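Peer 1: What follows is a structure written as C-alpha cells; I'll ask about it next.
Protein chains: 2
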Amino acid sequence: MRESQTAESRPYHHGDLRRALVDAARRILEAEGPTALSLRAVAREAGVSPAAPYHHFKDKAELLDAIADEGWQMLDAAMAKAKAEAEPRGKLTALGIAYVCFARENPALYRVMYDAARDNEALPDQMQHGDDSAYCKVRDTMIELGADPTATVDLELATTAAWCAAHGLAEMAGFKQFEHLKQELGGEVPFLRAIFAHLGLFPHASHD
Amino acid sequence: MRESQTAESRPYHHGDLRRALVDAARRILEAEGPTALSLRAVAREAGVSPAAPYHHFKDKAELLDAIADEGWQMLDAAMAKAKAEAEPRGKLTALGIAYVCFARENPALYRVMYDAARDNEALPDQMQHGDDSAYCKVRDTMIELGADPTATVDLELATTAAWCAAHGLAEMAGFKQFEHLKQELGGEVPFLRAIFAHLGLFPHASHD
DNA sequence: CAAGATATCTTTACGTCGTCCAGATATCGA
DNA sequence: TCGATATCTGGACGACGTAAAGATATCTTG
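Residue numbers (this note's numbering), protein chains in the order written: chain A, 1051 to 1258; chain B, 1051 to 1258.
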C-alpha cells in the first residue's frame, strides 16, 4: 500500500470499489428506496459482479454500516450549519429543526442509520465522543444556554431527552395523520416548532 | 358464512388458518426475532404449505399488518391498565412509562408495528378514532390534568408531542450508550422517569 | 526486472425467499 | 345430490445473500 492513510485506500483493479459501492448504494437508496437496496443491485449499479463487494465488506450489514456512517456525518454537518446560522438563544431549537429536517429530506438514509444502530444495539461511538458530533453539539448548546456543566448526569439526561424528542418527531412527522395539523399551522416547519414548544427542552421554539 | 362478524372468520379446512398464521408469526417473532420472520417460516410453523397464506393475506405486508394490529391492541391494553392503576396526578407519567415498557418488552413486535406504519405512511386509523385507543387515553389524560379541551389544536399538539417523546425514548432505551445512565439512576424505569422529567409534558415524573 | 505472493474480481453454485399457477380436495348453496 | 366455490398442495420462477474455486492484475522481494 503506497499511502495507507484510511486503513485501506486505493484498491487495485477498480480504482476504489469500496467508495464506488457506497456511492452506488446511496444512489439506489435515493432513487428507489430502502427495499430496493440489495447487495446484488449495488454491485450491478457499480458495474461489478455480485460477489465483488465481499472483498470490501464482510457482509451486507457492513455495507449498510458504511452507508449509515456517512449519514451520521451528513447529519453532523447539517446541524453544525444550523447552529452556526442561528442567533444564540435560538440555537437549540435550530438544532432540533435541523435534525428533523435532515431525517425528512433523507428518509431512506435516516432509516438505514437507525436500522444499523438497532442491529448493533448502539448508536455509533463517534456520536458521543467525536467532539463535533451532533450529539455533542446539542449538549454544548445546553451549556451555552445556562445548563450546569458540572451536573454531568443531568446534562446527559437533558441531551438524551432532546435527542429522543427529535427522533420521535422525525419518525412521526411522515405520517398522514399529522398533515392537517401542518396545514393548520402553515407548513411543516411551523408544525415542528409547535411540537418542540410543547417540550420543555427547546426554549424559544415559537420564533425564528 | 354462518357468522360473518369479523369480515371473514371460520375458514374451511384448517379450522382458522388466518388466526393460526398470526399466532405462528408472533411465536417466531418472540423466539427468533424479526429477521427470522419469513412467510415460509410462518407457514412451516403453522404446519401448512408455503402458498397457503395467500388465501388469507394478499401478501407478506398484509400479514405484517395483521400482526401489527394485534400489537396496537396489546399496547392499548397495557396503557389502559397503567392508567387505571395510577393515582390521578401520576396518570400521564404512568402512560408514558407503560408505553416505553411495552416497547422494551416486545421489541420485535414494536418494530413490526412501526415498520408497517411507515410502509403505510400512517399510524393505524383506529388509533386516533377508536375511543379506547392509547392515543386517545393520552389526550383524555391531558384534559383530566387541566388542559383546555376546547383548544383542539393545542391539545392535539400536546398529545403528539408526548407520543413523539415516548416513541423516541422507546427506540433509544435499547442502545448500549445509555446503560451507564440506567445504572447511575438505579434501573431502567428510574431512567425513563428521569428522561420524562426533562420533558415538560410529563408532570410528576420524578415520583411514583 | 523476473517471479512468486497477494489482493481483486468473475463464475458458478447452493439454499432461502416472495409469489404465482395448476391441480387436488373439502365445504357450501341450491 | 351436484355444481360452484373456497381452501390447500406441489412445483416452478426469478431474486436474494453468500460461499468456493478459478482467473487476473498489482505488489514485493530478490
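No residue lacks a Cβ here, since even glycine has one placed at the ideal position from N, Cα and C. Here the structure is a predicted model, which means the values were calculated and not measured.
What residues in its chain sit with their C-beta under 6 Å from that of L1113(A), if we drop five residues either side in the sequence?
Peer 2: In the first sequence, counting from the first residue as 1, residue 1113(A) sits at position 63. Same-chain partners within the cutoff: F1107.
Peer 1: Leaving out five residues before and five after A1153(B) in sequence, what residues of the same chain have Cβ atoms less than 6 Å from its Cβ?
Peer 2: Numbered from 1 along the second sequence, position 103 holds the residue referred to as residue 1153(B). Answer for A1153(B): Y1160 and A1220, listed in chain order.
Peer 1: Give the interface partners of V1203(B) over in chain A, defined as CB-CB distance under 8 Å, in chain order.
Peer 2: Translated into the one-based positions of the second sequence, residue 1203(B) becomes position 153. L1231, E1234 and L1235, listed in chain order.
Peer 1: Taking Cβ-Cβ distances shorter than 9 Å, what residues in chain A pair up with F1225(B)?
Peer 2: Along the second sequence, read from residue 1 onward, the residue named residue 1225(B) stands at position 175. What F1225(B) touches in chain A: A1167, R1168, N1170, E1171, A1172 and L1173.
Peer 1: Since C1214(A) meets chain B, which of its residues come closer than 7 Å, beta carbon to beta carbon?
Peer 2: The sequence position of residue 1214(A) within the first sequence is 164, counting from 1. Listed along the chain, the chain B residues whose CB falls inside 7 Å of the CB of C1214(A) are A1215, G1218, L1219, M1222 and I1245.
Peer 1: Residue range of the alpha helix (DSSP H) that F1246(A) falls in?
Peer 2: Position 196 of the first sequence, counting from 1, holds the residue named residue 1246(A). Taken as a continuous stretch (DSSP letters only), the alpha helix (DSSP H) holding F1246(A) covers E1238 to A1247.
Peer 1: Quick test of the definition: if touching needs 3 or more C-beta pairs under 8 Å, does the region 1185-1205 of chain A touch the region 1198-1209 of chain B?
Peer 2: no
Peer 1: Would you list, in chain order, the members of the region 1177-1211 of chain A that have their beta-carbon closer than 7 Å to a beta-carbon of chain B?
Peer 2: Q1178, V1203, E1206, L1207, A1208, T1210 and A1211
Peer 1: When you compare only the Cα positions, how much space is there between I1193(A) and V1150(A)?
Peer 2: Numbered from 1 along the first sequence, position 143 holds the residue referred to as residue 1193(A). Numbered from 1 along the first sequence, position 100 holds the residue referred to as residue 1150(A). Using only the alpha carbons, I get a separation of about 22 Å.
Peer 1: Among A1091(A), R1068(A) and L1067(A), whose alpha-carbon lies nearest the alpha-carbon of I1078(A)?
Peer 2: One-based indexing of the first sequence puts residue 1078(A) at position 28. Closest by alpha carbon: A1091(A).
Peer 1: Output needed for A1070(B): all residues of its chain with C-beta closer than 6 Å, excluding positions within five of it in sequence on either side, in chain order.
Peer 2: Here residue 1070(B) refers to the residue found at position 20 of the second sequence. For A1070(B), where only same-chain residues beyond five positions count, the Cβ hits under 6 Å are A1096.
Peer 1: D1126(B): buried (16+ other C-beta within 10 angstroms of its C-beta) or exposed?
Peer 2: Residue 1126(B) sits at position 76 when you count from the first residue of the second sequence. Buried, because 16 or more other Cβ atoms sit within 10 Å of the Cβ of D1126(B).
Peer 1: Can you check which of these residues, A1197(A), A1184(A) and V1162(A), is closest to T1085(A) by C-alpha distance?
Peer 2: Taking the first residue of the first sequence as 1, we reach residue 1085(A) at position 35. Cα-wise, what sits closest to T1085(A) is V1162(A).
Peer 1: Helix, strand or coil: which one does DSSP assign to L1067(A)?
Peer 2: Position 17 of the first sequence holds residue 1067(A). The answer is helix: DSSP assigns L1067(A) an H, G or I state.
Peer 1: Alpha helix (DSSP H) containing V1188(B): first to last residue?
Peer 2: Here residue 1188(B) is taken as the residue at index 138 of the second sequence, counted from 1. First-last of the alpha helix (DSSP H) with V1188(B): A1184 to E1194.
Peer 1: Do you know offhand how far I1117(B)'s Cα is from A1075(B)'s?
Peer 2: Numbered from 1 along the second sequence, position 67 holds the residue referred to as residue 1117(B). Numbered from 1 along the second sequence, position 25 holds the residue referred to as residue 1075(B). Taking the straight line from one Cα to the other gives about 8 Å.
Peer 1: Shortest alpha-carbon distance to A1215(A) belongs to which of M1177(A), F1246(A), D1169(A) and N1170(A)?
Peer 2: By 1-based counting over the first sequence, the position of residue 1215(A) is 165. That would be F1246(A), whose Cα lies nearest to the Cα of A1215(A).
Peer 1: Between which two residues does the alpha helix (DSSP H) holding D1204(A) run?
Peer 2: Here residue 1204(A) refers to the residue found at position 154 when the first sequence is read from its first residue. Note, D1204(A): alpha helix (DSSP H), T1202 to M1222.
Peer 1: Check whether the region 1233-1247 of chain B touches the region 1181-1188 of chain A, counting contact only when three or more Cβ pairs, one atom from each stretch, lie closer than 8 Å.
Peer 2: no
Peer 1: Where G1196(A) and K1226(B) are concerned, what is the direct C-alpha to C-alpha distance, given to the nearest angstrom?
Peer 2: For this step, residue 1196(A) is matched to residue 146 along the first sequence. For this step, residue 1226(B) is matched to residue 176 along the second sequence. Cα to Cα, the separation comes out at about 28 Å.
Peer 1: Can you give me the Cβ contacts of R1068(A) inside the same chain, cut-off strictly under 6 Å, excluding the 5 residues immediately before and after it?
Peer 2: By 1-based counting over the first sequence, the position of residue 1068(A) is 18. These residues qualify, in order along the chain: H1106.
Peer 1: Distance check for H1064(A) and H1179(A), CA to CA, integer angstroms please.
Peer 2: Within the first sequence, the letter at position 129 stands for residue 1179(A). Within the first sequence, the letter at position 14 stands for residue 1064(A). Each residue's Cα considered, the two are about 34 Å apart.
Peer 1: Taking C-alpha atoms, which residue in Q1176(B), D1181(B), A1167(B) and A1144(B) lies nearest to L1251(B)?
Peer 2: Here residue 1251(B) corresponds to residue number 201 of the second sequence, with the count starting at 1. When only C-alpha atoms are compared, the closest one is A1144(B).
Peer 1: Residues of chain B with CB under 8 Å from H1106(A), in chain order?
Peer 2: The count along the first sequence starts at 1 and reaches residue 1106(A) at position 56. Per Cβ cutoff of 8 Å: no residues; H1106(A) is ~23 Å from chain B at best.
Peer 1: Check whether the Cβ of G1146(B) lies closer than 8 Å to any Cβ atom in chain A.
Peer 2: Within the second sequence, numbered from 1, the residue matching residue 1146(B) stands at position 96. Not an interface residue.
Peer 1: Is the beta carbon of P1174(A) sitting closer than 8 Å to the one on W1213(A)?
Peer 2: Taking the first sequence and counting its residues from 1, one reaches residue 1174(A) at position 124. Taking the first sequence and counting its residues from 1, one reaches residue 1213(A) at position 163. Not closer than 8 Å, so no.
Peer 1: Listing by chain order, which chain A residues have their CB less than 9 Å from the CB of K1152(B)?
Peer 2: Numbered from its first residue, the second sequence carries residue 1152(B) at position 102. Residue identity check: residue 1152(B) is Phe in the sequence provided, not Lys. The premise fails here: F1152(B) is roughly 15 Å from chain A at the closest Cβ pair, so nothing lies under 9 Å.
Peer 1: For D1198(B), does the three-state DSSP call read helix, strand or coil?
Peer 2: Translated into positions along the second sequence, residue 1198(B) becomes position 148. Residue state, collapsed to three classes: coil.
Peer 1: Measuring straight from C-alpha to C-alpha, what distance separates M1124(B) and H1230(B)?
Peer 2: For the purposes of this step, residue 1124(B) is taken as the residue at position 74 of the second sequence. For the purposes of this step, residue 1230(B) is taken as the residue at position 180 of the second sequence. So the alpha carbons of these two residues sit roughly 30 Å apart.
Peer 1: Determine the extent of the alpha helix (DSSP H) in which E1155(B) is found, giving its start and end residues.
Peer 2: Residue 1155(B) sits at position 105 when you count from the first residue of the second sequence. Counting along the chain, the alpha helix (DSSP H) containing E1155(B) begins and ends at K1141 to E1155.
Peer 1: Run through DSSP, which three-state label would F1252(A) get?
Peer 2: By 1-based counting over the first sequence, the position of residue 1252(A) is 202. Three-state DSSP puts F1252(A) in coil, outside helix and strand.
Peer 1: In whole angstroms, what is the alpha-carbon distance linking L1087(B) and K1141(B)?
Peer 2: For the purposes of this step, residue 1087(B) is taken as residue 37 along the second sequence, with counting starting at 1. For the purposes of this step, residue 1141(B) is taken as residue 91 along the second sequence, with counting starting at 1. Cα-Cα distance, rounded: 36 Å.
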